[in-house]
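Protein chains: 2
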Amino acid sequence: MSDTIPIVRNFTNADMMKIPRKVITRVLLYIRTLEVLAKEKRYLVSSRQLADITGLSDVQIRKDISNFRKIGKPRIGYRTGELKRTLQNYLLQDRKVRVVLFGVGNLGSAILRYPGFLQNKIKVVAAFDVSRLKIGKKIGGVKVYSVDRAPEIVKRLRGDIGIIAVPKESCQEVADYMVLSGLQKIVNFASCPVSVPAKVQVRNIDFTIEFLSLFCDSPK
Amino acid sequence: MSDTIPIVRNFTNADMMKIPRKVITRVLLYIRTLEVLAKEKRYLVSSRQLADITGLSDVQIRKDISNFRKIGKPRIGYRTGELKRTLQNYLLQDRKVRVVLFGVGNLGSAILRYPGFLQNKIKVVAAFDVSRLKIGKKIGGVKVYSVDRAPEIVKRLRGDIGIIAVPKESCQEVADYMVLSGLQKIVNFASCPVSVPAKVQVRNIDFTIEFLSLFCDSPK
DNA sequence: AACTGTGAAGACTTTCACAGCA
DNA sequence: TGCTGTGAAAGTCTTCACAGTT
Chain A
1 MSDTIPIVRN
11 FTNADMMKIP
21 RKVITRVLLY
31 IRTLEVLAKE
41 KRYLVSSRQL
51 ADITGLSDVQ
61 IRKDISNFRK
71 IGKPRIGYRT
81 GELKRTLQNY
91 LLQDRKVRVV
101 LFGVGNLGSA
111 ILRYPGFLQN
121 KIKVVAAFDV
131 SRLKIGKKIG
141 GVKVYSVDRA
151 PEIVKRLRGD
161 IGIIAVPKES
171 CQEVADYMVL
181 SGLQKIVNFA
191 SCPVSVPAKV
201 QVRNIDFTIE
211 FLSLFCDSPK
Chain B
221 MSDTIPIVRN
231 FTNADMMKIP
241 RKVITRVLLY
251 IRTLEVLAKE
261 KRYLVSSRQL
271 ADITGLSDVQ
281 IRKDISNFRK
291 IGKPRIGYRT
301 GELKRTLQNY
311 LLQDRKVRVV
321 LFGVGNLGSA
331 ILRYPGFLQN
341 KIKVVAAFDV
351 SRLKIGKKIG
361 GVKVYSVDRA
371 PEIVKRLRGD
381 IGIIAVPKES
391 CQEVADYMVL
401 SGLQKIVNFA
411 SCPVSVPAKV
421 QVRNIDFTIE
431 FLSLFCDSPK
């Protein structure tokens, strides 16, 4: 019993003071880093060490962590396993995130085969395409359906997030299918903005913009 | 002559007041959007209309644009072509960005075939891998070299940005090769932080974190 | 009336400085 | 020559309110 980590239950994101997206993103990075440390059998870590690995500042890391619970030990640091479990519990409550993919082209196939998901919290539960050649196939263990079956299948499989990985010409059409399917969160890899009802959150990832913004950003 | 757009020359990013990365990213989105509008033969656009398409606020758009030059017409808006050329000229000075790719797996191949680059400012000039099966091949018109030739080839082809698209087990090794090759800007798609000298800028894109942060982010 | 451009206010984020302790 | 947690200060980014233009 003495080793058990207390798990906080009856507690959802909605209950707690809204945590900014920026903080969430950093905390997920801490979890990633803690996984690596655990694999290296490092059981203690200080905010300074996390800072060195992630490139952030140690104070910021302590502030971020203290959003959740105060579990650091002065003079010692954090226990990696305990810290990882605590952060994960607050953000994810051991839920799996169920993703549905629209568009099984080059990028879509790469996402289906993406190894980072396997051991993690993300599961692609269905893929959709318009091509006869792809419908019915399984790629990376995920079945490909005709896109017009999306509303039925997404609801049945309880998809949380939809991914747009189609050419920009059809991305608005696909976004409309997603809204129809009841998806409230969309990651859009097409290089084109989509318009959706206000309640639907969209995260755009445009490789062109990512590369160019790094290129244009002169340091300091 | 009356139609000519004055081009500001003798002017580089380094000369002007540093423009924050956030602004750069938004301005690139405006350029993207203006391209679409131009294709639809819409020659005038107001900040309000850009706001509706991009989901940003109209004031922010006007502020961003006024970082560069004051070219809006009260009561009318902006001329799409002129605005696009102005923004592009300030950010890119019609340079092409020369990208080198490390890792020709699923994601790497998808990047080599990414259609968004073709008509744009980005050119992948070389790819590297360790696999005998891939070295010497051409994918998406880009030649694949053995990774140990990177320092020589990156310098010869004057690569601006390096992309890490290898499994996380080898990402630090690849990052070291990149530094050795003189690359100062890195986009890292591996789900693992890399450590590099301070002068090297790294932009991490971890699909797992992108998806989870959207999932955990409860709106408003 | 319909738009741009902007100083100032407000909101948000990071860093500083230090109390207190496995 | 440790380390966490935190109130306050500093810094950054966004929005407000409105002057100016056609």
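In order, the protein sequence lines correspond to chains A and B. Following the working numbering, the numbering of the first sequence begins with 1 at its first residue and continues without gaps. Following the working numbering, the numbering of the second sequence begins with 221 at its first residue and continues without gaps. Heads up, the beta-carbon is just placed ideally off N, CA and C, and yes, glycines get one too.
Return the first residue and the last residue of the beta strand (DSSP E) that residue i is part of.
i	result
Y397 (chain B)	Unbroken run through Y397 (chain B) is the alpha helix (DSSP H), C391 to L400; no beta strand (DSSP E).
I19 (chain A)	Taken as a continuous stretch (DSSP letters only), I19 (chain A) belongs to no beta strand (DSSP E), as it is neither H nor E.
Candidates the options: which alpha carbon is nearest residue i's?
i	options	result
L87 (chain A)	A:L112, A:L34 and A:L56	A:L34
V194 (chain A)	B:I244, B:I239 and B:L270	B:L270
S351 (chain B)	B:K343, B:Y365 and B:N340	B:Y365
K419 (chain B)	B:K354, B:G301 and B:V399	B:V399
C192 (chain A)	B:G379, B:V345 and B:L248	B:L248
S181 (chain A)	A:G72, A:V202, A:L212 and A:D148	A:D148
L83 (chain A)	A:L92, A:D94 and A:R69	A:R69
I186 (chain A)	B:G360, B:P439 and B:V416	B:P439
G77 (chain A)	A:A150, A:R62, A:K22 and A:L91	A:R62
R268 (chain B)	B:P387, B:K261 and B:Q280	B:Q280
S286 (chain B)	B:K316, B:D426, B:Q313 and B:I244	B:I244
D437 (chain B)	A:S57, A:Q201, A:D206 and A:E40	A:Q201
D64 (chain A)	A:I19, A:K155, A:K138 and A:P151	A:I19
F435 (chain B)	A:Q93, A:D52 and A:Y43	A:Q93
V99 (chain A)	A:L183, A:D206, A:F211 and A:E210	A:L183
V362 (chain B)	B:Y397, B:E430, B:Y334 and B:R315	B:Y334
G140 (chain A)	A:K121, A:P151, A:L133 and A:S109	A:S109
K341 (chain B)	B:D426, B:E372, B:R241 and B:L311	B:L311
T54 (chain A)	A:R75, A:R26 and A:P74	A:R26
Just list the residues that DSSP pairs residue i with in beta bridges.
i	result
A347 (chain B)	B:L321 and B:V364
L37 (chain A)	None, per the DSSP bridge assignment.
V45 (chain A)	A:Y78
K358 (chain B)	B:K363
K73 (chain A)	A:G77
I342 (chain B)	B:V317
I186 (chain A)	A:G162 and A:V202
For the alpha helix (DSSP H) containing residue i, list its first residue and its last residue.
i	result
K84 (chain A)	T80 to L92
R423 (chain B)	Note, R423 (chain B): premise wrong, no alpha helix (DSSP H); beta strand (DSSP E) at Q421 to N424.
V59 (chain A)	D58 to S66
C192 (chain A)	No alpha helix (DSSP H) holds C192 (chain A); DSSP gives it neither H nor E.
Residues in the same chain with beta-carbon distance under 8 Å from residue i, minus the five sequence neighbours each way, listed in chain order, please.
i	result
N106 (chain A)	none
L257 (chain B)	V265 and T300
I111 (chain A)	L101, V124, I163 and A165
K168 (chain A)	A190, S191 and C192
R42 (chain A)	T80
Starting from the C-beta of residue i, find all residues in its chain whose C-beta is less than 6 Å away, skip the five residues before and the five after it, and write them out in chain order.
i	result
N424 (chain B)	N408
L157 (chain A)	V125 and A126
C171 (chain A)	I164, A190, C192 and V194
S433 (chain B)	none
V154 (chain A)	V100 and S181
F337 (chain B)	none
D160 (chain A)	V97 and R98
G292 (chain B)	Y298
Just to confirm my understanding: we take residue i, look at its own chain, exclude 5 residues before and 5 after, and list those with CB closer than 7 Å. What are they?
i	result
D349 (chain B)	G323, V324, I355, V364 and V367
P417 (chain B)	V399
T208 (chain A)	S191
Interfacial residues, the stretch 169-197 of chain A to chain B, with Cβ spacing under 8 Å:
Against chain B - using a Cβ distance shorter than 8 Å - the residues of the stretch 169-197 of chain A are K185, V187, S191, C192, P193 and S195.
Check each residue of the stretch 52-77 of chain A: if its Cβ is closer than 9 Å to any Cβ of chain B, include it; give the result in chain order.
Those would be D52, I53, T54 and G55, in chain order.
Residues of the stretch 317-340 of chain B with Cβ closer than 9 Å to any Cβ of chain A, in chain order:
Listed by position, the residues of the stretch 317-340 of chain B near chain A (Cβ gap below 9 Å) are V317, V319, G325, N326, L327, G328, S329, A330, I331, L332, R333, Y334, P335, G336, F337 and N340.
Quick one: which residues of the stretch 241-261 of chain B get their C-beta closer than 8 Å to a C-beta of chain A? List them in chain order.
So the close ones are R241, I244, T245, L248, L249, R252, T253 and V256.
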